[in-house]
Amino acid sequence: MPSEKLDPSFFQSGDVVGLSKKLIGCKLSTFIDNKLTSGIITETEAYAGQGDKACHAHLGRFTKRTSVMYEPGGIAYIYLCYGIHHLFNIVTNTKGHADAILIRAVEPIDGIDIMLERRQKTNLDKSLTSGPGNLTKALGLKKTHNAESVCSGNIWIEPKTTEIKNIVETTRIGIDYAEEDALLPWRFYDADSKFVSVR
DNA sequence: TCGACGATGACCT
DNA sequence: GGTCATCGTCGAA
C-alpha cells in the first residue's frame with residue numbers, strides 16, 4: 072500500500088495546464104477486481120473547461136455526460152470513445168469549473184502480468200499501456216469508475232519520486248475539430264520514456 | 001425517435 | 001499512407 076497519495080486539494084488548483092505537466096512522473100494505481108496494477112504517468116493532455124474548443128464542456132455545455140467535469144477536482148471522468156475505448160481523465164479545479172486532464176500513457180510498474188492478461192498480450196512492449204484507450208484497459212478502468220475519487224478507494228496517484236528532466240510540450244492529439252485551440256501546446260510527455268503514444 | 005460522429009487502435013498495403 | 005470496428009451521447013426533428 073502506498074505511503075503517500077496526492078490529495079484532492081492538489082487537483083483543485085485552477086491551473087490545469089500546470090497540473091498536467093506536474094503529473095508526468097507520478098504513479099497511477101488501481102485496485103480493481105481484487106488486482107493491483109500501476110504505472111508511471113508519461114503523457115497527459117489538459118482540457119481547460121468552457122473556454123477550450125476541444126473540451127467537452129466548451130461554452131459551458133452541461134449534459135449528463137459532462138456534469139462530472141463540473142465537480143470539484145480529484146475525481147475521475149471516464150467516457151466511451153468511438154464506441155470502443157474508455158478514456159480516463161482526472162477532473163481538476165473547483166466546483167463549477169469543468170477542467171480535466173486526459174491521461175494518455177503510463178509506463179507499467181506493478182501487476183504487469185495482470186495488464187498483459189487484460190490486454191490479451193504475451194509480452195511487454197510500448198503498446199501495453201501507451202495510448203489513452205490502451206492504458207485504461209490495462210489498468211481495468213471502465214465507465215463504471217466514472218466520478219470515483221482518484222485520491223482514495225480503488226484509484227490513487229502517488230507523487231513522483233524522481234524529477235523528470237525532459238518534458239516535451241506539444242499539441243494535443245485527435246482534436247482537429249477544435250480549430251485554433253488544436254494548436255495549443257497542452258500535451259506533455261516524458262521525452263526519455265519509450266511509453267509515449269505519439270511523438 | 002433518429003442520424004451523425006467521435007480526446008482510438010489494430011491491421012492493411 | 002488508409003480503412004474500419006462499434007456504440008453511447010447529443011442535438012435536430
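Per our numbering, the very first residue in the first sequence carries number 72; after that it's consecutive.
Ideal Cβ placement from N, Cα and C applies to all residues, glycine included.
Source: prediction; values computed, not measured.
Using the beta-carbon count (16 or more within 10 Å), is residue i buried or exposed?
| i | result |
| --- | --- |
| Thr115 | buried |
| Pro203 | buried |
| Leu90 | buried |
| Lys98 | buried |
| Asp170 | buried |
Keeping to the same chain, check which residues put their C-beta closer than 8 angstroms to that of residue i; ignore five residues upstream and five downstream.
| i | result |
| --- | --- |
| Leu195 | Pro179, Ile183 and Leu187 |
What's the gap between the Cα of residue i and the Cα of residue j?
| i | j | result |
| --- | --- | --- |
| Ile103 | Pro256 | 33 angstroms |
| Arg132 | Thr193 | 42 angstroms |
| Thr215 | Glu75 | 25 angstroms |
| Ala218 | Glu142 | 9 angstroms |
| Gly144 | Asp181 | 26 angstroms |
| Tyr260 | Thr241 | 8 angstroms |
Let me know the secondary structure DSSP gives residue i once reduced to three states.
| i | result |
| --- | --- |
| His129 | helix |
| Val106 | The sequence given here has Lys at residue 106, not Val. Lys106: strand per DSSP, three-state reduction. |
| Asp271 | This structure leaves residue 271 out entirely; the chain is present only between 72 and 270. |
| Ser91 | helix |
| Phe81 | helix |
Which residue comes first and which comes last in the alpha helix (DSSP H) that contains residue i?
| i | result |
| --- | --- |
| Glu188 | Ile183 to Arg189 |
With a CB to CB cut of under 6 angstroms and the five nearest residues on each side skipped, what residues in its chain are close to residue i?
| i | result |
| --- | --- |
| Gly96 | Lys231 and Ile235 |
Could you spell out where the beta strand (DSSP E) holding residue i opens and where it closes?
| i | result |
| --- | --- |
| Val162 | His156 to Thr163 |
For residue i, which residues in the same chain have their Cβ closer than 7 angstroms to its Cβ, ignoring the five residues on either side in sequence?
| i | result |
| --- | --- |
| Lys125 | Lys is not the amino acid found at residue 125; the sequence shown has Ala there. Same-chain partners within the cutoff: Tyr118, Arg243, Ile246, Ala249, Asp252 and Ala253. |
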